[in-house]
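Undergrad:
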Amino acid sequence: MISAGDFRNGKTIDIDGTVYQIIEFQHVKPGKGAAFVRTKLKDIKNGGVVERTFRPTEKFPEARIERKTMQYLYKDGDLYYFMDNDTYEQVALSSELIGDTLKFVKENEMCTINSYNGEAFAVEPPLFVELEITDTEPGIRGNTATGASKPATVETGATVTVPLFVNTGDKIRIDTRTGEYLSRA
46 MISAGDFRNG KTIDIDGTVY QIIEFQHVKP GKGAAFVRTK LKDIKNGGVV
96 ERTFRPTEKF PEARIERKTM QYLYKDGDLY YFMDNDTYEQ VALSSELIGD
146 TLKFVKENEM CTINSYNGEA FAVEPPLFVE LEITDTEPGI RGNTATGASK
196 PATVETGATV TVPLFVNTGD KIRIDTRTGE YLSRA
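Heads up: take any position in the sequence shown, counting from 1, add 45, and you land on our numbering.
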């Protein structure tokens, strides 16, 4: 159990069956009345942010989030399959849970699966990936002074904006958090 007086940024707590991560907290001691703790909490399952106040003596169970590195195997219909490389156990996650998080991830790459009480709620792709460009228009010679860019399709099917000098067949490095081109690989 963790009391509201001991809140710290990044801690995860269970409030009425919902797991929240503390984004911000502030101890407030008004001139008149009792002290309280003002917080911003992020629901880890749906990403919503709420603001709540607590008395410093209120206690909540601390939520232990399990982060496990697993290998992304393949997609079959609406299910994405992952394998634990230690136990070779396979886990299938639905496309609603995955969303767009795997649009830059190839098969056999390592991802982090976040779960609470054995139930997976989020997938974190690797921060940076190297992918080959499968389709893009050829760049026009001499048009590089403006820093112009063009769309390109990578081997996973996602579209990325790249500089004009990048061609089909080139390997590029992408930041999966923002979907931005970083460099040629």
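We put the CB at the ideal spot given by N, CA and C, even for glycine.
Tell me where the alpha helix (DSSP H) around E154 begins and ends.
TA: Neither: E154 is in no alpha helix (DSSP H) and is coded neither H nor E.
Undergrad: Give me the DSSP bridge partner(s) of M46.
TA: In the DSSP output, where bridge partners are listed per residue, M46 has none listed.
Undergrad: Let's see if you can read the secondary structure: which residues bound the alpha helix (DSSP H) around I143?
TA: Per DSSP, I143 belongs to the alpha helix (DSSP H) from 140-143.
Undergrad: Which two residues bound the contiguous beta strand (DSSP E) that contains L118?
TA: Element bounds for L118: 111-121.
Undergrad: If you draw a straight line from the alpha carbon of E103 to that of G92, how long is it in whole angstroms?
TA: Rounded to whole angstroms, E103 to G92 spans 24 angstroms at the Cα level.
Undergrad: For a quick check, are the C-beta atoms of E169 and L118 less than 8 angstroms apart?
TA: No.
Undergrad: For chain B, check one thing: does any of its Cβ atoms lie closer than 8 angstroms to the Cβ of I60?
TA: Of the protein chains in the structure, only one exists, and it is not chain B.
Undergrad: Let me check understanding here. Comparing Cα to Cα, which of V211, K120, I110 lies closest to S139?
TA: Nearest C-alpha to S139: K120.
Undergrad: DSSP three-state label for I51, please.
TA: Checking the sequence shown, residue 51 turns out to be Asp, not Ile. D51: helix per DSSP, three-state reduction.
Undergrad: Unbroken alpha helix (DSSP H) runs of length 4 or more, entirely within the segment 55-96: which are they?
TA: Counting whole runs of 4 or more residues, the segment 55-96 contains no alpha helix (DSSP H) stretch at all.
Undergrad: Check whether the segment 76-89 touches the segment 142-156, counting contact only when three or more Cβ pairs, one atom from each stretch, lie closer than 8 angstroms.
TA: Touching, no, given that fewer than three Cβ pairs across the two stretches are closer than 8 angstroms.
Undergrad: By DSSP's criteria, D220 is part of a beta bridge. Which residues make up the other side?
TA: Answer by DSSP bridge pairing, in chain order: F173, E225.
Undergrad: Consult DSSP for Y126 and reduce its assignment to one of helix, strand or coil.
TA: Residue state, collapsed to three classes: strand.
Undergrad: Taking the alpha carbon of A108 as the reference point, which residue from D123, Y161, Q135 has its own alpha carbon closest?
TA: Selected option, being the one with the closest Cα: Y161.
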